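Undergrad: Quick note on this note's numbering: the sequence shown kicks off at 463 and runs consecutively.
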Amino acid sequence: MHTKLIDRSKMRGEYGILICRLAEHRPQPVTTLRHVDCGGGRRAVFCDAYSPTGAPLVARLAAQSCIILAGAANGSGYRFSPQIPRGLSLSRWQPKIPLLQQLRFVMRHYRFSRTELSRAFGIDMAALGTGSARTGFSFGKVGPGVTSEPHRHDEIEAFVVLSGAGKVTTDRGEISVEAGDVVLFHPFEAHVLRNDGDEDLNFVDVYWRDGEAALDAAAKTTAPRGPIFVFSTPPTPNGDLHLGHLSGPYFGADVYTRFLRMKGVEAYHLTGSDDNQSYVTTRADADQSTPANVAHYYADEIRATLALFDCEVHSFQLTTGDDGYCEFQAACFRSLLSSTAVDLRQSPALFDAVTGHYLYEPDVSGLCPDCGGSAGGNICEECGAPNLCHDLGAARSRQSAEAPLVGSVRRPELALDRCYDNIDRHLRASGVPLRILDLFARLRRRGNFSVPITHPSDWGLPAEGFPGQVIWVWPEMAFGFLHNIQALGRLLGRDWKAEMPGNDWQIVHFFGFDNSFYHALLYPALYAEVFSHWTPRIHYHVNEFYLLDGKKFSTSCRHAVWGKEVLSPKTVDVVRLHLGLTRPEGERTDFTLDALRRTENEVFQGIWLNWLDALDQEIKHDFAGRVPDAGDWSPVDRAFFARIEIYRAAMERAYSDEGFSVRRAAAQVCDFVRDCVIYRRAQDYAAARRFYPARIRTSLALQTTAAAILAPTLAPLMPRFARTLARGIDGVSTETWPRSVQRLAPGTRFDLGPVLVFYAKSGNPHLDEEEAL
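(1) How big is the Cα-Cα spacing for valine 1037 and arginine 1189?
(2) Apply the 10 Å Cβ neighbour rule to arginine 720 and answer buried if 16 or more other Cβ atoms are within range, or exposed otherwise.
(3) Give the straight-line distance between the Cα atoms of glycine 537 and valine 608, rounded to the nearest whole angstrom.
(4) In terms of residue numbering, what span does the alpha helix (DSSP H) encompassing asparagine 884 cover?
(5) Below 7 Å between beta carbons: does that hold for serine 978 and glycine 846?
(6) With distances taken between CB atoms, is the gap from leucine 806 to aspartate 814 smaller than 7 Å?
(7) Within the chosen definition, does the segment 1200–1213 reach the segment 1155–1168 through at least 3 CB pairs nearer than 8 Å?
(8) Over the uninterrupted alpha helix (DSSP H) stretch that includes tyrosine 980, give me the two end residues.
(9) Does lysine 1082 come out as helix, strand or coil in the three-state DSSP assignment?
(10) Should the segment 958–973 be regarded as contacting the segment 764–771, the criterion being three or more beta carbon pairs within less than 8 Å?
(11) To the nearest angstrom, report how far apart proline 986 and histidine 995 are at their CA atoms.
(12) Do you know offhand how far arginine 908's Cα is from glutamate 1197's?
(13) Curious, which full-length alpha helix (DSSP H) runs of at least 4 residues does the segment 1125–1211 contain?
(14) Check alanine 1222 in the structure and name its three-state DSSP category.
(15) If you follow the alpha helix (DSSP H) that lysine 1026 is in, where does it begin and where does it stop?
(16) What are the residues that DSSP puts in a beta bridge with glycine 602?
(17) How would you write the range of the beta strand (DSSP E) that isoleucine 1000 sits in, first residue to last?
(18) Let me make sure I understand the geometry here. Which of Ser801, Ser709, Leu896 has the alpha-carbon closest to that of phenylalanine 973?
(19) If glycine 688 and glutamate 636 are in contact, beta carbons under 8 Å, what's the gap, nearest whole angstrom?
(20) Under 8 Å: do the segment 995–1013 and the segment 1038–1052 share three or more Cβ pairs, one atom per stretch?
(21) Are leucine 878 and phenylalanine 911 touching if we call contact CB-CB under 7 Å?
(22) For the segment 789–809 against the segment 830–848, are there 3 or more C-beta pairs whose distance is under 8 Å?
(23) By the 10 Å Cβ neighbour count, where 16 or more other Cβ atoms means buried, how is valine 1219 classified, buried or exposed?
(24) Output the distance between the C-alpha atoms of alanine 1177 and alanine 1111, rounded to the nearest integer angstrom.
(25) CA-CA distance, proline 753 and glutamate 1120?
(26) Of all the options Phe1153, Ala1057, Arg1157, which has the alpha carbon lying nearest to the alpha carbon of valine 1098?
(27) Determine the direct distance from the alpha carbon of glycine 628 to that of proline 866, and round the result to whole angstroms.
(28) Whole beta strand (DSSP E) runs in the segment 770–809 with 3 or more residues, listed along the chain?
(29) Tell me, to the nearest whole angstrom, how far the beta carbon of serine 610 is from that of valine 668; I am working on the premise that it is less than 8 Å.
(30) What first and last residue would you give for the alpha helix (DSSP H) that runs through tyrosine 718?
(31) Just checking, does the segment 1140–1159 make contact with the segment 1084–1095 on the three C-beta pairs under 8 Å criterion?
(32) Checking the sheet assignment: what are the DSSP bridge partners for histidine 613?
(33) Can the beta-carbon of valine 1194 be found closer than 7 Å to that of alanine 1168?
(34) Give the C-beta separation of valine 1023 and leucine 705 to the nearest angstrom, bearing in mind that I take them to be a contact with Cβ-Cβ under 8 Å.
(35) Within the same chain, show all residues whose beta-carbon is closer than 7 Å to that of leucine 799, passing over the 5 residues directly before and after it, in chain order.
(36) Would you kindly report the start and end of the unbroken alpha helix (DSSP H) that includes threonine 744?
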């Protein structure tokens, strides 16, 4: 975003008036803001946009490649004209175009009343025309207190503020604007215009397409500004972590955070133990234990598994036993109760016909009221839609065989339909996946929809003023994220306060699609009701279900391959590589132990290590373990060198927020190593080694460079292997991301022996043996 504030000292006379040039874009129109002194302290501001041929719209309005606008009140409407205000004139100017062509240009007036303005992007707009150079012009009016909808597009766009004042917000920050300001937006830059004054904010919108600029913008990766708080959904401590868990939020958040930190961004991975989940009581009943003991035991197991997985967590929050956490949650609950979106209602609820117990979440199942498929209490894992339990079709209780009964409970409920505008604005700004927008659209179709924020239970945080009820764990989690940031700040000596979240905070959530309603719809609504001063900046990364032999991984059903069964210092990199290759991004994918073994034996051992071993042996034998200097370069060598850089840039894109995909990163590195093997085979001829040594030196120098670039580009995906590889090559670091490929200096130590010895055999029976788990 660029803002251009007019400096009168830099204005120059042209055509009899004062002109200040604002912007120039190849080869598209130039935008100029002109100030005309009308006398009596009055000032006219108008916009001149002209095409590269040099002819302004005064001469070329019929072609409409540019426009000059003078705005003035005209009764109840607005009048826009390419004329200069009365009493002033432009000096004569003759465009350098053929006379015959000039005669075809006709001056036009644009007149419209307020009733002709139509809603677009949440504000009032009127199209003024489109130009021959792929340009467009519109007039916009933003009423007092009105904010436009966040949006992105491929055009370059400029707002010329004619009157009023407000604020413009983009991905880069927020600025104040007033009459005489011009704000320029690059392609795909999100932007919002807000009128925080007492009068209409009127502006001219000039936009044009520049294919080259759009492609450049799409190809760029931007490092977000810190602090960045990356959250993986706190796991429920009703069991240890299985590969279905690890492949999703925890793997994704770890890879993303590692990459950001390599780029120098202040980023942290936060998670915790979701102790107050209702599923904990179900496990306690099955184990004949207490919920507290179950939560404590499995929280420790979860942390141990994350460590085995090389998943770096900077703050792991336990939600029981922390008085400060409980006090903060109680304060947020009180704020919610005072919100205009929360009502105290006697609403329908489901009860077991035999025990009389209140049923929700794991205690009940049935048919989803939205998609008609099988669903659990409160959420449908298939379509992501919420339910209220009593609206489930063919509901079944876990506690008895009798059909549940519908009764009622008096409790506070959040009227989500009153929050739809806030949710919609948040989703537009955050750029969520279309599937989440579809979920929101389906929810809105249901009309008025309220969700309870408390439930009758004896496990959880007590709901003040509602005896026998606890705060629903999902609102608790929303505010728990903020408390986790505060706890991290305390460890780092930073003044981050949960009750005063900062507008400079950027939050990134990693979660499975079955949690989309909570993270992307419910939480923004809760934040808007409790923290009116805060506009959350949240990005979302969503994964689908990871299947085990065609069926969903399940902790409660114990249908799983547990992390501890396959993870060890020697196997963790292979497991991470395989989970990356099969990660359920955009679609469900399947895990089998046989496929994991193939990744170990055929890909990692058979391709990666064999190539590195052959390269290492040749460098040792012919160059005493030192990188040779390149000699004669063939076209094939030059092309391979270029592909190394293409690979580096592709990995950066796969790790960046704009195109984040662990699956793509894993596939790209496998393709790159295969390319290295093919290149090596094409250079491996014994006779040529003797008669054309300069060509062989070039081949080996490029292969060592390829091996060296593997270390930093693999560091987010396979950190242990990357560090081990880097230790064998002098000058290679996994701490920072390489900005470009640099060929290794001649004489650099190159010794991959320790890497090859360590990874020669996994040492894990589930990978080395053929027997099934």
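The C-beta atom is built at its ideal place from N, Cα and C for all residues, glycine as well.
None of these values were measured; they are calculated from a predicted model.
TA: With the structure as the only source:
(1) Counting from 1 along the sequence shown, the entry for residue 1037 is found at position 575. Counting from 1 along the sequence shown, the entry for residue 1189 is found at position 727. Each residue's alpha carbon lies about 22 Å from the other.
(2) Within the sequence shown, residue 720 is the residue found at index 258, counting from 1. Per the 10 Å Cβ criterion, buried.
(3) As a working note, residue 537 is residue 75 in the sequence shown. As a working note, residue 608 is residue 146 in the sequence shown. Legend: pLDDT at glycine 537 = 31, less than 50; position of this residue unreliable, no value from coordinates given.
(4) For the purposes of this step, residue 884 is taken as the residue at position 422 of the sequence shown. In the DSSP annotation of this structure, the continuous segment of the alpha helix (DSSP H) that includes asparagine 884 starts and ends at 882–892.
(5) Sequence index remark: in the sequence shown, residue 978 carries index 516 (1-based). Sequence index remark: in the sequence shown, residue 846 carries index 384 (1-based). A contact, by the Cβ cut-off of 7 Å.
(6) Here residue 806 is taken as the residue at index 344 of the sequence shown, counted from 1. Here residue 814 is taken as the residue at index 352 of the sequence shown, counted from 1. No. Outside cutoff.
(7) yes
(8) In the sequence shown, the residue the question calls residue 980 occupies position 518. Run containing tyrosine 980: none; DSSP gives neither H nor E here.
(9) Against the sequence shown, residue 1082 aligns to sequence position 620. Helix, per DSSP.
(10) Between the segment 958–973 and the segment 764–771 there are fewer than three C-beta pairs closer than 8 Å, too few to call the two in contact.
(11) For the purposes of this step, residue 986 is taken as the residue at position 524 of the sequence shown. For the purposes of this step, residue 995 is taken as the residue at position 533 of the sequence shown. So the two alpha carbons sit approximately 13 Å from each other.
(12) On the sequence shown, residue 908 is found 446 positions in, with the first residue counted as 1. On the sequence shown, residue 1197 is found 735 positions in, with the first residue counted as 1. Straight-line Cα distance between these residues: approximately 50 Å.
(13) 1148–1153, 1155–1176, 1181–1189
(14) Taking the sequence shown and counting its residues from 1, one reaches residue 1222 at position 760. Three-state result, alanine 1222: coil.
(15) By one-based count along the sequence shown, residue 1026 stands at place 564. Residues 1025–1028.
(16) Here the question's residue 602 lines up with position 140 in the sequence shown. Answer by DSSP bridge pairing, in chain order: Met587, Phe665.
(17) Position 538 of the sequence shown, counted from the first residue, corresponds to residue 1000. Element bounds for isoleucine 1000: 1000–1005.
(18) Here residue 973 refers to the residue found at position 511 when the sequence shown is read from its first residue. Nearest C-alpha to phenylalanine 973: Ser709.
(19) Counting from 1 along the sequence shown, the entry for residue 688 is found at position 226. Counting from 1 along the sequence shown, the entry for residue 636 is found at position 174. In fact, because the Cβ distance is near 17 Å, the residues do not count as touching under 8 Å.
(20) yes
(21) Your numbering for residue 878 matches position 416 in the sequence shown. Your numbering for residue 911 matches position 449 in the sequence shown. It is a contact, given that the beta carbons lie within the stated cut-off.
(22) no
(23) Here residue 1219 refers to the residue found at position 757 when the sequence shown is read from its first residue. So valine 1219 counts as exposed.
(24) On the sequence shown, position 715 is the one that residue 1177 refers to. On the sequence shown, position 649 is the one that residue 1111 refers to. Computed Cα separation, rounded: 15 Å.
(25) In the sequence shown, residue 753 corresponds to position 291, counting from 1. In the sequence shown, residue 1120 corresponds to position 658, counting from 1. Answer to the nearest angstrom: the Cα atoms are 41 Å apart.
(26) Counting from 1 along the sequence shown, the entry for residue 1098 is found at position 636. Closest option to valine 1098, judged by alpha-carbon separation, among Phe1153, Ala1057, Arg1157: Arg1157.
(27) In the sequence shown, residue 866 corresponds to position 404, counting from 1. In the sequence shown, residue 628 corresponds to position 166, counting from 1. So the alpha carbons of these two residues sit roughly 55 Å apart.
(28) 777–780
(29) Here residue 610 refers to the residue found at position 148 when the sequence shown is read from its first residue. Here residue 668 refers to the residue found at position 206 when the sequence shown is read from its first residue. That belief does not hold up - the Cβ atoms of serine 610 and valine 668 are roughly 16 Å apart, past 8 Å.
(30) For the purposes of this step, residue 718 is taken as the residue at position 256 of the sequence shown. Its alpha helix (DSSP H) spans residues 713–724.
(31) yes
(32) As a working mapping, residue 613 is identified with position 151 in the sequence shown. BP columns for histidine 613 point to His653.
(33) Residue 1194 sits at position 732 when you count from the first residue of the sequence shown. Residue 1168 sits at position 706 when you count from the first residue of the sequence shown. Going by C-beta atoms, valine 1194 is not nearer than 7 Å to alanine 1168.
(34) One-based indexing of the sequence shown puts residue 1023 at position 561. One-based indexing of the sequence shown puts residue 705 at position 243. Correct: roughly 5 Å between the Cβ atoms.
(35) Stepping through the sequence shown from its first residue, residue 799 is reached at position 337. Closer than 7 Å at the Cβ level, and outside the excluded window around leucine 799, lie Pro874.
(36) In the sequence shown, counting from the first residue as 1, residue 744 sits at position 282. Here the alpha helix (DSSP H) through threonine 744 covers 740–749.
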